[in-house]
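In full-length UniProt numbering, the protein residues as written are 1 to 323.
Cβ atoms here follow ideal geometry from the backbone N, Cα and C, with glycine treated the same way.
Model, not experiment: these values are computed from the prediction.
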C-alpha cells in the first residue's frame with residue numbers, strides 16, 4: 001500500500017516505484033507507514049520542517065533497515081552537515097567556470113538516461129590527475145561541485161526523468177571507467193574519492209540504482225570478492241564489475257543512442273557528451289524549475305514588490321546554468 005501523504009508531500013511527478021520492493025513508495029506495509037509517521041513526528045519535535053516528505057523519509061528508513069532510531073540519527077547528522085556545508089545556498093549560487101578544464105583531468109558528468117529511464121552518471125577514474133587539477137581548482141571546490149550535482153540529481157533531474165518515464169525514479173545508473181587506473185595512481189586520489197564517497201553514503205542515501213565498473217584491471221574482481229562479504233547484499237546486487245569486454249552488458253542497460261561513442265554507444269553530442277548535460281531535465285516537455293530555485297525566487301519576490309524587479313529575478317534564475 002502507499003505510504004500516507006502529509007502536508008510535506010508536494011510532488012509534481014509520479015510517486016509509485018516501478019518495482020514492488022519492500023519499503024519502496026507505493027509498496028509499503030502498514031508497519032512501514034507507521035514508522036514513516038513516527039520518524040516524521042520525532043523530527044518535528046526536534047524542530048525540523050524541511051525534507052520531511054514521505055519519499056525522503058522512506059529513503060532514510062530503507063538505508064537503516066527501517067530502524068527508526070538509526071534513521072533519525074542519520075537524518076539529524078545529514079541536516080547538521082547540510083548547515084555546516086551551506087548546501088541550500090550552495091546549490092543556488094555555485095558557479096564552476098573551470099569545469100571544462102577540470103574535466104580534462106577528471107571527467108564526471110550526467111548524460112541522458114538508461115533503459116529504465118534513470119539518469120546515467122559517468123566518471124573516468126583513469127583520467128584523474130589531481131596535481132594538474134589543483135593548478136586549476138581546489139579540492140574544496142571539487143566537493144562543492146559534487147554536492148551541487150547531488151542536489152540537482154534530486155531536483156530537477158530525477159523529477160524530470162520520473163515524469164518522462166511515468167513512474168517514480170529515485171536512483172541513477174553509474175558508469176565508472178577504470179581504464180588507466182593503476183596501483184601507483186590509487187594513493188594520490190584516495191583521499192578525494194574517500195571524501196566524495198562518504199558524502200554520497202552518509203548524506204544522500206538510496207541514490208544508487210546500478211553501478212558498472214568497466215575496464216576493471218586484472219585482479220580487481222578477486223579483490224572485490226573479498227570486500228563484498230562486508231557489504232549489504234542489496235548493494236552487492238547493484239554492482240557489476242566488467243573488464244574490457246563490457247560493451248554488450250552495458251548496452252543491455254543503456255540505449256546505444258544515449259551512451260557516448262567512446263563507451264560503445266552512438267551518441268556524439270555537439271561540443272562533447274561530457275559537457276552537454278543532455279537529459280529529460282533539459283527537455284521542455286518534462287523539465288520544471290527546481291524547487292530550490294523557486295524558493296529563492298519567491299523570497300526575492302516577497303522582498304521586491306516592484307513588478308519590474310520580480311521579472312528581473314525570474315529572468316536571472318532562468319539563466320542559471322543547470323550543471
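Exposed unless 16 or more other CB atoms sit within 10 angstroms - verdict on residue i
{"i": "residue 281", "result": "buried"}
{"i": "residue 23", "result": "buried"}
{"i": "residue 215", "result": "buried"}
{"i": "residue 197", "result": "exposed"}
{"i": "residue 134", "result": "exposed"}
{"i": "residue 237", "result": "exposed"}
{"i": "residue 266", "result": "exposed"}
{"i": "residue 108", "result": "buried"}
{"i": "residue 46", "result": "exposed"}
{"i": "residue 93", "result": "exposed"}
CB contact flag (residue i, residue j, <8 Å)
{"i": "residue 55", "j": "residue 28", "result": "no"}
{"i": "residue 141", "j": "residue 110", "result": "no"}
{"i": "residue 145", "j": "residue 96", "result": "yes"}
{"i": "residue 143", "j": "residue 174", "result": "no"}
{"i": "residue 114", "j": "residue 254", "result": "yes"}
{"i": "residue 61", "j": "residue 147", "result": "no"}
{"i": "residue 384", "j": "residue 275", "result": "Lying outside 1 to 323, the shown extent of the chain, residue 384 is not represented and no answer is given."}
{"i": "residue 242", "j": "residue 249", "result": "yes"}
{"i": "residue 25", "j": "residue 168", "result": "yes"}
{"i": "residue 7", "j": "residue 159", "result": "no"}
{"i": "residue 176", "j": "residue 213", "result": "yes"}
{"i": "residue 343", "j": "residue 151", "result": "With the chain represented from 1 up to 323, any question about residue 343 goes unanswered, as that position is not in the structure."}
Cutoff 7 Å; reference residue i; Cβ partners in own chain excluding five residues on either side
{"i": "residue 101", "result": "136"}
{"i": "residue 72", "result": "39, 42 and 43"}
Other residues of its chain near residue i: CB distance less than 6 Å, five sequence neighbours each side excluded
{"i": "residue 19", "result": "none"}
{"i": "residue 239", "result": "211"}
{"i": "residue 162", "result": "13, 14, 168 and 169"}
{"i": "residue 180", "result": "126"}
Residues of its chain near residue i, where Cβ-Cβ distance is below 8 Å and the 5 sequence neighbours each way are ignored
{"i": "residue 283", "result": "160 and 164"}
{"i": "residue 21", "result": "27"}
{"i": "residue 178", "result": "125, 126, 213, 214, 215, 216, 217 and 220"}
Any C-beta of chain C under 8 Å from that of residue i
{"i": "residue 151", "result": "No chain C is part of this structure, which consists of one protein chain only."}
What residue ranges within the region 11-67 form continuous alpha helix (DSSP H) runs of no fewer than 4 residues, ordered along the chain? 30-45 and 54-63
Do the region 197-207 and the region 69-85 make contact, defined as three or more Cβ pairs closer than 8 Å? yes
Which runs of the alpha helix (DSSP H) fall wholly inside the region 55-134 and span at least 4 residues, in chain order? 68-85, 87-93, 99-102 and 130-133
Does the structure place the region 111-124 close enough to the region 159-173 that three or more beta carbon pairs sit under 8 Å? yes
Alpha helix (DSSP H) segments (min. 4 residues) lying fully within the region 243-307: 247-253 and 291-303
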